[in-house]
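For reference, the structure discussed in these notes is given below.
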Amino acid sequence: MAQGKITPEEVKKIASLAKLNLSAPEINKFTPQLAAIIDYVGQLSAVEEKSPPIPKEEVQSVSRTDEVHPSLTSKSALGQSSSTQKNYFVTKAVIDND
Amino acid sequence: MPETTPIIGLEVHVELTTDSKMFCACSADHFGKEPNSQTCPVCLGLPGALPVPNQKAIEATLKLGLALNCCVNLQSHFDRKQYFYPDLPKGYQISQYQHPFCSEGQIILDSGKIIRVERVHLEEDTGKLQHTVESGKKISLIDFNRSGVPLVEIVSYPDIESAAEAKEYLKKIHQIIRAVGVSTADMEKGQMRLEPTVNVQINDETGSHFTPLVEIKNINSFNFAATAIDYEISRQVEQFSKDKKEKTASNKQTRGFDNNRKTTFVQRQKEEAKDYRYFPEPDIPPFVFEVSLIASIKACLPELPENKIQSLVSLGVESKYAKILYTDKSVTDILYHFAKNMPDVNIGKLASFIANKKIRVEGDVYIQYQALTRQRINDQSELEKFIDTVISDNHRAVTDYQNGKTNALGFLIGQVIKVSQCQADPQTVSRLLLEKLGLGQ
Amino acid sequence: MTKNKTISQITTELACKKYSVTELIKEYLDRIKSENPKLNAFITITEKEALQEAQEADKTLSQNPNIFLEKPLLGVPLAHKDLFLTKNIKTTAGSRLLENYLPQYSATVVKKLSKAGAISLGKLNCDAWAHGASGENSDFGPTINPADPTRVSGGSSSGSAAAVAADLVTFATGTDTGGSTRQPACFCGVIGLKPTYGRVSRSGIVAMASSLDSIGHLTQNVYDSALVLETTAGPDPYDATSSNLKVEEYTKLLKKPVEKLKIGIIKEYQDGLTDHDVAGSFALAKSTLEKMNCQIKEISLPHTKYSVATYYIIMPAEVSSNLARYDGLRYGHTRDLFGDEAKRRIMIGTYTLSSGYYDAYYLRAMKVRQLIKADFSQAFADVDIILSPVAPTPAFKLGEKTNDPLSMYLSDIYTVTANLAGIPGIAIPTGKNSSNLPLGVQFLANHFQEAKLFNLAYQFEQHLHA
């Protein structure tokens, strides 16, 4: 289990991974709070690592037949967006990704 | 001169041919449809919407994996692959990471070399982004019709060592996909997408070195794949000679392929190793497959191209012709029929005639074969037997000729040819006929 | 018994024409208009739609007086926690990020309750994204406890609990991921049910933590709770985690004798009952059960001390993933409208799932979760029902816990275990303290044993009010 407090640098990285735009004051506010929480949950490292018993049969192997049902109309699909053009959603340009 | 060995891995994405999408009942037939006309809460990533897997897509994945000689993992599940991108409505893609449906398969190249397949797994496709400019600003238009379409990912180990091998591997995969019937794999429609990963091992006086890994995107044909790989190999060797940079855990690069210049180019300046934060998909219960199900799928697999080709070869067809002809059932039916029922026909020759278009399969194949392979009857007495038969069977024609109708001779020659099964030489027959007719009845 | 009308009272009175559905709904709407400004239980009131449905219900009733067989909830006023998508009716999840969102579809449970004839009066306030145990994380202001205007209603189903307690509706839907139906029910003095995970469909409900979210409801009494579950429970083709197990006729099984039922008391909780009122409530429950001739037995759940830590790893991980779709592109506003609590949970989740930390946190937590499940399995081999407190204190004061997120998390200690194990639980009032604040306890049963749960809870309720 990773010991040591979480740093503002790490919080900045996490926020970026989570697409949260944090201001510097926010980073400073959140860092000790997150540190306390991570520290608290870290107590699980004390639990002995014995293999847990195999759970009773739960729901498994669920699937559905390959058949088509009506879709939303494009009006309905696009209707809640504040950024559409003709029948497309619009966003500012992104650099090519995967 | 340093010794260089290319190391190539291939990742192939195949759009399965199903009626509905992977996790919802929207139509999966998205090509050319009005934008955003085939979406629902699930594939549009609306709040509260939950994924329910498509049975046919799962079976197709198992079929394909088995056809590629994989083991099916009897316990499997979906995972969430998390990243942000406008064409990914949930902010994660439902895919498979730790326990894919199928793993550890192989493709055998003609040379006998084995290319190992690491995994065959199932995931959902993303929406489509279109880049354009509006009022001077660069924008992206997004269409989610393709979002959620089932996609099988086939990943090879980096066992491939040349562009030619890569091309052969891709062709074989393509054939198998179509033979098993899980996808039409039409490259032009983007139903089969290719991503080679290339690096080079360079052995010189200072030891063994590996160039940084490069993943090449935006390739839409096998030929382009080969071109891109060849270009990339040379580029990497040259690059290494200049900067001696070696492969590390974090310097993998993504490059695009330029069809026009036939070169690769850097897609992103600075690349960080992606953290996809995979974890098991909690909205979809895990899968447990019975061994009997796997056995029944395997038993029902259609005959695969390799097998069909081999069977023809064992009939006597040359390998190069077998590879062309095996796809045409009307041809293979003929070859098998003749092999079984006509011992005098040389199957190898017949196949080559058909392949070279010297025989039309719609016509009488046997006669065409004979015409091409006929041996002349040299024994005059045999010929005379045929002629006598024709004369005695065709009084009318004989009489006509004797009464001055010269056309009747042509008719009689034709009859002799027919009766002799084309083995009689027309000129010899003509001479002999005239002799006999001249002698009179 | 509560002065508030129950479902069976209403359906009986409608059947014998004591009043019409329209009159009934008008009365409730009037009460909402007068009380809601104080309580802030509703985010949206759907007066027009409700009256329209009431008129249609009256018509149906006049044409077919036996309609209650087909529509057991006909005419009954309810409201939905604002996490439940209601087609074309604003659904905010308690957050400004969705302040103008009109869903393109309704949740399965919303459709089921409507089909059974219940009439929705609006959407109920909650902690934004269901993140909270007080109602103070709502972007639309906290819901006030009807018993005391200086105190919280509990959370995250704050509006649901307050609305039922204040008789603004007869029953309300809620969600319970770590106690969010049971705890506010306890704080407000109503019945709160958390069904078995998978008993009720999650489709169309803003997801908090996919493997923990349980879809429940708050009612005036146990009978109503059982009745509502008969409607909401069942498999759903839109939810792959929903169970195919037969839904029992819970209301018909309430009067089975409960003598000799074995009730477990958790050894590990006994020292923690430091609040005088909570301890008293628990003791009262225990003695009532003894009077009912149930057998009280001490059981041990050795891993229960890790419950909160386990929960606060698994839940934020799933939250961080489920909230990734809110990017402002297809609906709602951009991510900077997430409040502090949402941001905290997203970041914790992102951290514990990230490369290098996944094994130590998420994977480890999933393993401990299995140990906790096994503890319960073993306990239920020994006892039929478990009796437990719901919260460490009665409803606390507004602002009392907002400075320390961690201390707020720790108050979940008695409720998160049921979510980790997936088992059902019901919170039931035991009385009030000297300041008139509601007190309660909860019963827990094994997976899909809601019939047993309701049976005991019903008899317990009868005994308490005897």
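Here the protein sequences line up with chains A, B and C, keeping their order.
Position in the first sequence (from 1) plus 1163 gives the number in the numbering used here.
Position in the second sequence (from 1) plus 17 gives the number in the numbering used here.
Position in the third sequence (from 1) plus 706 gives the number in the numbering used here.
Where is the CB? At the ideal position from N, CA and C, for every residue including glycine.
On a predicted model such as this, the values are computed, not experimentally measured, just so you know.
Could you name the residues that DSSP lists as bridge partners for residue 939 of chain C?
Per DSSP, C:906.
What separation, rounded to the nearest whole angstrom, lies between the Cα atoms of residue 1126 of chain C and residue 1025 of chain C?
The straight-line gap from Cα to Cα measures roughly 15 Å.
Please confirm whether residue 805 of chain C has its beta-carbon closer than 8 Å to some beta-carbon of chain B.
Chain B, which has no Cβ nearer than 8 Å to the Cβ of residue 805 of chain C, makes this no.
Name the chain B residues that come within less than 9 Å of residue 750 of chain C, Cβ to Cβ?
None at all; the shortest Cβ gap to chain B is about 16 Å.
Roughly how many whole angstroms lie between the Cα atoms of residue 1154 of chain C and residue 814 of chain C?
Between residue 1154 of chain C and residue 814 of chain C, the C-alpha separation is close to 20 Å.
Roughly how many angstroms lie between the CA atoms of residue 1075 of chain C and residue 1084 of chain C, to the nearest whole one?
The alpha-carbon atoms of residue 1075 of chain C and residue 1084 of chain C are separated by roughly 14 Å.
Taking the alpha carbon of residue 1056 of chain C as the point to measure from, which residue in B:31, B:98, B:386 has its own alpha carbon closest?
The residue with the shortest Cα to Cα distance from residue 1056 of chain C is B:98.
First and last residue of the alpha helix (DSSP H) that includes residue 409 of chain B?
397 to 410 is the span of the alpha helix (DSSP H), which, as asked, contains residue 409 of chain B.
Any chance you could list the beta strand (DSSP E) runs of at least 3 consecutive residues sitting entirely within the segment 848 to 878 of chain C, in chain order?
Those beta strand (DSSP E) runs which fall completely within the segment 848 to 878 of chain C and span 3+ residues are 854 to 858.
Give the residues from the segment 1027 to 1044 of chain C that approach chain B closer than 9 Å (Cβ to any Cβ), ordered along the chain.
If the cut-off is 9 Å between Cβ atoms, the segment 1027 to 1044 of chain C has 1027, 1028, 1029, 1030, 1031, 1032, 1033, 1035, 1036, 1037, 1038 near chain B.
Inspect the beta-carbon positions of residue 297 of chain B and residue 1031 of chain C and report whether they are closer than 8 Å.
Against a cut-off of 8 Å, the Cβ pair of residue 1031 of chain C and residue 297 of chain B comes out as no contact.
Might you give, ordered along the chain, the residues of its own chain that have their beta carbon closer than 8 Å to the beta carbon of residue 930 of chain C, omitting 5 neighbours on each side?
Around residue 930 of chain C: 712, 713, 714, 876, 877, 897.
Counting only the same chain and skipping the five closest in sequence on each side, list residues whose C-beta sits under 7 Å from that of residue 449 of chain B.
Excluding residues within five positions, the ones whose Cβ falls inside 7 Å are 400, 401, 404.
How about residue 1174 of chain A: is its C-beta nearer than 8 Å to some C-beta of chain B?
Taking Cβ atoms only, chain B never reaches closer than 8 Å to residue 1174 of chain A, which makes this a no.
Would DSSP call residue 136 of chain B helix, strand or coil?
Looking at residue 136 of chain B - three-state DSSP - the assignment turns out to be strand.
Which of the three DSSP states is assigned to residue 1050 of chain C in this structure?
If DSSP states are grouped into helix, strand and coil, residue 1050 of chain C belongs with the helices.
Look at the alpha carbon of residue 444 of chain B and the alpha carbon of residue 451 of chain B, and state the distance between them as a whole number of angstroms.
Straight-line Cα distance between these residues: approximately 11 Å.
Please compile the residues from chain A whose C-beta is within a distance smaller than 8 Å of the C-beta of residue 226 of chain B.
Simply none; closest approach about 28 Å.
What are the uninterrupted segments assigned as beta strand (DSSP E) that are 3 or more residues long and contained completely in the segment 967 to 1021 of chain C, given in chain order?
968 to 972, 1001 to 1005, all fully within the segment 967 to 1021 of chain C.
Taking the C-alpha atoms as reference points, what is the distance between residue 388 of chain B and residue 380 of chain B?
Their backbone Cα atoms lie some 13 Å apart in a straight line.
Residues of chain C with a CB under 8 Å from the CB of residue 296 of chain B: which are they?
Those are 1023, 1027, 1059, 1064, 1068, listed as they occur along chain C.
Sort C:829, C:784, C:803 by Cα distance to residue 1239 of chain C and report the nearest one.
Since the first residue shown for chain C is 707 and the last is 1172, residue 1239 of chain C is missing from the structure and cannot be characterised.
For the beta strand (DSSP E) that residue 150 of chain B lies in, which residues bound it at each end?
Per DSSP, residue 150 of chain B belongs to the beta strand (DSSP E) from 145 to 151.
Helix, strand or coil, according to DSSP, for residue 1111 of chain C in the structure here?
Looking at residue 1111 of chain C - three-state DSSP - the assignment turns out to be helix.
Could you check whether the Cβ of residue 1234 of chain A sits closer than 8 Å to any Cβ belonging to chain C?
Taking Cβ atoms only, chain C never reaches closer than 8 Å to residue 1234 of chain A, which makes this a no.
Tell me whether residue 220 of chain B is buried or exposed, calling it buried when 16 or more other Cβ atoms sit within 10 Å of its Cβ.
Residue 220 of chain B is exposed by the Cβ-count criterion.
So who's on the other strand from residue 1252 of chain A, going by DSSP bridges?
For residue 1252 of chain A, which the question treats as bridged, DSSP gives the partners A:1247, B:159.
Output needed in chain order: residues of the segment 31 to 64 of chain B with a Cβ under 7 Å from some Cβ in chain A.
Listed in sequence order: 35, 36, 37, 42, 43, 44, 51, 52, 53, 54, 55, 56, 57, 61.
Is residue 722 of chain C helix, strand or coil by DSSP?
Correct three-state label for residue 722 of chain C: coil.
Do the segment 1201 to 1210 of chain A and the segment 921 to 936 of chain C touch if we need at least three Cβ pairs shorter than 8 Å?
Touching, no.
Residue 823 of chain C: buried (16+ other C-beta within 10 angstroms of its C-beta) or exposed?
Counting Cβ neighbours within 10 Å, residue 823 of chain C comes out buried, since at least 16 surround it.
Tell whether a beta-carbon distance below 8 Å holds between residue 901 of chain C and residue 886 of chain C.
No, Cβ-Cβ distance for residue 901 of chain C and residue 886 of chain C is not below 8 Å.
Using a beta-carbon distance cut-off of less than 7 Å, what residues from the segment 93 to 117 of chain B approach chain A?
Those residues of the segment 93 to 117 of chain B that come within reach of chain A (Cβ to Cβ, closer than 7 Å) are 101, 102, 103.
Any idea which residues DSSP pairs residue 88 of chain B with across the strands?
B:120, per the DSSP bridge assignment.
Can residue 859 of chain C and residue 841 of chain C be called in contact, C-beta distance under 8 Å?
Yes.
Is the CB-CB distance between residue 189 of chain B and residue 232 of chain B below 8 Å?
Result no, Cβ atoms of residue 189 of chain B and residue 232 of chain B do not sit closer than 8 Å.
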